[in-house]
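Residue numbers (our numbering): 456 to 741. Accompanying notes for the structure given below.
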Ligand code: AMP
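This is the structure in structure tokens:
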């Protein structure tokens, strides 16, 4: 909880963040976000507040993870509302740097991963994970958290961050957190605000297709292609969906499973619905 139970300390530059960390040498949880907070973010923050002495939430719409023609300019933002929510949550500090302080004109160091980022989101969004890995490395190097919280909703991002901290020996424990959904199954996302009412009505079909995969699997189906096809068939019933991928991979390596499913798997889907790219996934556990 915040020292005085009031508004969190707002830190707007890496130097301010560094200084705050030096003055607060306690077990610290970090929840990186792009803001426009929803219950999915809040579930990560709640968990961090329980598991650590202090919690920092970062809010930064990271330009380097958006490609040309993507939605950087229209990404939803509402700093005032976010800060009010974080005050209610009792977080200790909010790191809310400007783009210029994160990426000054002479910035030239990027972090990129090899195999894990080539397919799925990485294929559709070149350089996306380079931006993610770079900003997370920068966040970790100024915040120095003992733990950091990430949503399973962004499954490939989570694996990328886990790989990053292992490969670069970063002393941060990555805590995966379950996906929070609306009552009709749609995974919460800041971008959902851009769905029209017609699009919003059909959006839950994404999760329904994943539930179908799980029910086939739970009833003993082990043929990867059959499960992929069943998901694809459900998604293609909705003409508003433009399917990007339907993927069934090994849960950890994210390597596509050809043939029979013999180890824990992950079904991941990405569709375009109007102007919004929706992602979702579900684990297939034995
Ligand atoms: P974002 O602001 O979209 O970059 O998300 C910040 C963090 O919140 C990431 O670790 C996301 O995976 C996580 N997150 C986003 N949506 C959800 C959700 N519906 N349930 C759980 N975590 C989420």
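C-beta: ideal position from N, C-alpha, C; glycine also. Values in this document were obtained by computation on a predicted structure and should not be read as measured data.
Remark: fewer than three beta-carbon pairs, one from each stretch, lie closer than 8 Å, so the region 622-629 and the region 512-531 are not flagged as touching. Burial check for residue 673: the Cβ neighbour count within 10 Å stays below 16, so the residue is exposed. Residue 488 has 514 as its beta-bridge partners, per DSSP. Relative to the Cα of residue 513, the nearest Cα in the group 494, 655, 591 belongs to 591. Following the DSSP letters along the chain, one finds residue 704 inside the beta strand (DSSP E) bounded by residues 696-705.
Residue environment: residue 488 is assigned as buried (16 or more neighbouring CB atoms within 10 Å of its CB, all protein chains considered). Unbroken beta strand (DSSP E) runs of no fewer than 3 residues, entirely contained in the region 630-705, are found at 696-705, following chain order. Per DSSP, the unbroken beta strand (DSSP E) holding residue 606 starts and ends at 602-606. Residue 680 counts as exposed, since fewer than 16 other beta carbons sit within 10 angstroms of its beta carbon. Assignment of residue 615 by DSSP, reduced to helix, strand and coil, places it in the helix class.
Secondary structure at residue 548: strand, using DSSP grouped into helix, strand and coil. Beta-bridge annotation (DSSP): residue 722 is paired with 703, 737.
Boundaries of the beta strand (DSSP E) harbouring residue 464: 464-466, taken from the DSSP string.
Beta-bridge partners of residue 728 (DSSP): 696, 731.
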